[in-house]
Structures are given as structure tokens and as C-alpha cells.
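In full-length UniProt numbering, the protein residues as written are 1 to 157.
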Amino acid sequence: PSYSPSYSPSPSTHRTHPRPRPYSLPHPAGTPYAPLPDGNLLAAMHVKDGAHSPPLYGTTFYLMSGTPPFQLLSISPKLCLSELSVDLAISATCALQFVTGLVVEPEDNLALLSYGQMDRQMHLAALPLDALVAFAKTHVLGDDEELSISDCDQAFA
């Protein structure tokens, strides 16, 4: 079925006929793609740690090429959005965070994020775009003929 903003499944059909999505991911969990000046796309995805009960959620950012076949280029470690100057992605503050919105303003070097925390609160954050893109490039993915390059690996070499 085509996407219609007014489509609302009845409770009895929701389990067997989920709401159609305007994008191709079967179970989207992240933000829409934000185009960058270099032609690549920046997005965030949720990462679930099911080893805990209840599960913990974090956010990673990734870059994709802006042209077909839209290859995944790189991915970041988990990001902790906190008012503290230094906070770890495994801290209580970051135990359940998920970015839901992403808008970039390249001319202002700004990335605007909306995110949920602890399934109770919504927040907004403004981050330097160049720093967020650099963070998303932490783990560079190679093609089949090339090894992947990671700043994490290089730090311990």
C-alpha cells in the first residue's frame, strides 16, 4: 500500500498489517537521512543491548554514500548526550537514549537532534556538524577487497 499520513490501522489489524512507511527499512529505528555538502548522507540509528532487562538503547551515527547503491561508509561508537562535559555511553544518564530527529545546517556548522531519554523525556541538542561527521567516521568500512580502518584500532597500534 502507498503511504498516507492519514492511514491509521485499527487495533485489531495492527499486528498483522503494520503502518506503511515512507522509506524502505522494514523496522526503522533511527533518523531520516540528512544530506551533507559532500553528497554523502548522515543518519543515526538505535542500538539495542538486550543483555539487560529492561533492554538498554544507545545511538550511533553513520555515513552513507549519497548515490546508489548507497553504500555504508562509516559508523561511530555509541554517543552519550549529556549536560556533563564528559560522560560515558554506559552511564545511567545514557542507559536509554535514542535519537529520533536529525537536521543539519551546514552553513552554520550545526546538527540539530531530537532525542528521547529513559522513555519519559524528549530533549533537543545542538552539536557542531563537523565534529559529529568526524565522530561518524570513527570506524571506516572497507569494501570486499580492503580491510576496514578504525581510529580505535589505530589508537592502540
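From the three backbone atoms N, C-alpha and C, an ideal C-beta is built for every residue, glycine too.
These numbers were taken from a predicted model, which means no experiment stands behind them.
Q) With a CB to CB cut of under 8 angstroms and the five nearest residues on each side skipped, what residues in its chain are close to His-123? A) Leu-81, Ser-114, Tyr-115, Gly-116 and Gln-117
Q: Please say whether Leu-72 and Leu-41 have beta carbons closer to each other than 8 angstroms?
A: no
**Q.** Limits of the alpha helix (DSSP H) - the one that Asp-130 falls within
**A.** 129-136
Q) Does the distance from the C-beta atom of Gly-30 to that of Val-99 stay below 8 angstroms? A) yes
Q | DSSP state of Pro-35 mapped onto helix, strand, coil | A | strand
Q. Where does Asp-49 sit, in a helix, a strand or coil, going by DSSP?
A. strand
Q: Check the DSSP bridge columns for Thr-59 and list the partner residues they point to.
A: His-46 and Leu-79
Q: Can you tell me which of Ala-43, Thr-138 and Ala-126 puts its alpha carbon nearest to the alpha carbon of Ser-65?
A: Ala-43
Q) Considering Gly-116, what are the terminal residues of the beta strand (DSSP E) in which it resides? A) 110-117
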